[in-house]
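Here is the structure we will look at, set down as structure tokens.
Residue numbers (my numbering): 675 to 734.
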């Protein structure tokens, strides 16, 4: 069934009533997100530093 634009408000409201909320699998707090971000950032930085050292060692 192809998508169609519906300008009929009662029909649109009927279709909206069919929607169900998506269950919450896990809640993340802002501090958890920031902790995860900074942990990943530090890990990527560490990996880059190690790779640069490795490449410099190959050159020498």
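Idealized CB from N, CA, C, for every residue including glycine. Model, not experiment: these values are computed from the prediction.
> Where does the unbroken alpha helix (DSSP H) through residue 726 begin, and where does it stop?
Replying inline: Where residue 726 is concerned, the enclosing alpha helix (DSSP H) stretches over 704-733.
>> For residue 700 and residue 692, I'd like the C-alpha separation in whole angstroms.
In response: The alpha-carbon atoms of residue 700 and residue 692 are separated by roughly 24 Å.
> Roughly how many whole angstroms lie between the Cα atoms of residue 718 and residue 694?
Replying inline: Straight-line measurement puts the Cα of residue 694 at about 39 Å from the Cα of residue 718.
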